[in-house]
Ligand code: SF4
């Protein structure tokens, strides 16, 4: 069997950076490091980080009270903000917990937050295209000064109230560019003065493009490795299905039906931006033995 591994498979720079910040904060195991919700959306990597003293507390959407979970905290313990970022209110809350505060928000998410904040200060109404339950979107909405809406599809746009004045559209960092353009076009019919900012991150675009490259290179099936909570991994799996090839979205090798995979001579492998190298290697090594 020939295996084609996508060039961009695995950690993006935002995830690498967040893990690097959290690891540095442990000071070689001397400090406890807490993350408000998962630092990245990969369960297996979070389990490894836990062994290094990087502990997830709170909840997926960064909304829970943390004080009871931190009752035995020490002065050197550190609270790290996850790669997806948090709202300004949550940031203030975390800063006041009495721990050292470190921000591992991905700079690309920070840029979206900055664009929202500046436009909101100028009086714009902000529309965010994305998943309203995703922590990145929840955090971003907090920068809209109460004048923000989240839309996923045209029905959500139809349900928007009448909006006076300037309007600005941004997206969650992991959207499909085509879908974003379609949403922008539909919104413009209702709000011709809409200002559209391209906020899909470079890592997402690169990974999505590389899935189509796998198909062009002759892959007969595509394996996508990564967490089911990971927005960019889920998008890669959708992208792989759009190529028309059989797609296998797995979190780990244990989920892969090797008998099914044996039917193909050429298999493409890609992985989400939060999928660690060891999980990709595990799958590729198993395929190499076929
Ligand atoms: S996928 Fe993009 S926005 Fe998200 S952490 Fe990676 S680089 Fe940052």
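Residue numbers (our numbering): 425 to 714.
Cβ atoms here follow ideal geometry from the backbone N, Cα and C, with glycine treated the same way.
Treat the numbers as computed from the prediction; the structure is a model and nothing was measured.
**Message:** If distances are taken between C-alpha atoms only, which option among 442, 486, 482 comes closest to residue 494?
**Reply:** 482
**Asked** Should the segment 514–533 be called in touch with the segment 543–551, which here means at least 3 C-beta pairs below 8 angstroms?
**Response** no
**Prompt:** If you measure from each residue's Cβ to the nearest non-hydrogen atom of the ligand SF4, which ones come out under 6 angstroms, in chain order?
**Reply:** 436, 437, 438, 439, 507, 530, 532, 533, 597, 598, 625, 627, 628, 656, 697
**Item:** Host alpha helix (DSSP H) of residue 458 (start-end)
**Value:** Per DSSP, residue 458 belongs to no alpha helix (DSSP H); it is in the beta strand (DSSP E), 457–460.
**Asked** According to the Cβ coordinates, are residue 532 and residue 625 closer than 7 angstroms?
**Response** yes
**Request:** Note down the Cα distance separating residue 651 from residue 453, rounded to an integer number of angstroms.
**Result:** So the two alpha carbons sit approximately 27 angstroms from each other.
**Item:** Euclidean distance between Cα positions of residue 564 and residue 614
**Value:** 23 angstroms
**Message:** Just to check my reading of the structure: residue 464 and residue 439 have Cβ atoms closer than 8 angstroms, yes? What is that Cβ distance to the nearest angstrom?
**Reply:** 5 angstroms
**Counterpart residues of residue 594 in DSSP-defined beta bridges** = Secondary-structure assignment with DSSP links residue 594 through a beta bridge to 552.
**Request:** Verify whether the separation of the beta carbon atoms of residue 618 and residue 639 is less than 7 angstroms.
**Result:** no
**Request:** Look up residue 453 in the DSSP assignment and say whether it is helix, strand or coil.
**Result:** coil
**Prompt:** Any idea what DSSP makes of residue 543, helix, strand or coil?
**Reply:** helix
**Request:** Out of 560, 541, 588, 590, point me to the one whose CA is closest to residue 717's CA.
**Result:** Outside the modelled stretch of the chain, which goes from 425 to 714, sits residue 717, for which no answer is possible.
**Message:** With distance defined between alpha-carbon atoms, name the residue in 433, 430, 458, 427 nearest to residue 442.
**Reply:** 458
**Nearest-angstrom Cα separation, counted from residue 561 out to residue 415** = With the chain covering only 425 through 714, there is no way to say anything about residue 415.
**Asked** Could you check where the alpha helix (DSSP H) with residue 630 kicks off and where it finishes?
**Response** 626–640
**Prompt:** Does the Cβ of residue 659 have 16 or more other Cβ atoms within 10 Å, making it buried, or fewer, making it exposed?
**Reply:** buried
**Request:** Could you have a look at residue 515 and say whether DSSP puts it in helix, strand or coil?
**Result:** helix
**Request:** Taking residue 634 as the reference, give the member of 558, 667, 655, 605 with the closest Cα.
**Result:** 667
**Request:** State the DSSP-derived secondary structure class of residue 643, mapped to helix, strand or coil.
**Result:** coil
**Asked** Are the beta-carbon atoms of residue 671 and residue 661 separated by less than 7 angstroms?
**Response** yes
**Item:** residue 480 to residue 515 span [Cα, whole Å]
**Value:** 16 angstroms
**Prompt:** beta strand (DSSP E) containing residue 672: first to last residue?
**Reply:** 671–674
**Prompt:** Per DSSP, which one or two residues make a beta bridge with residue 526?
**Reply:** 504
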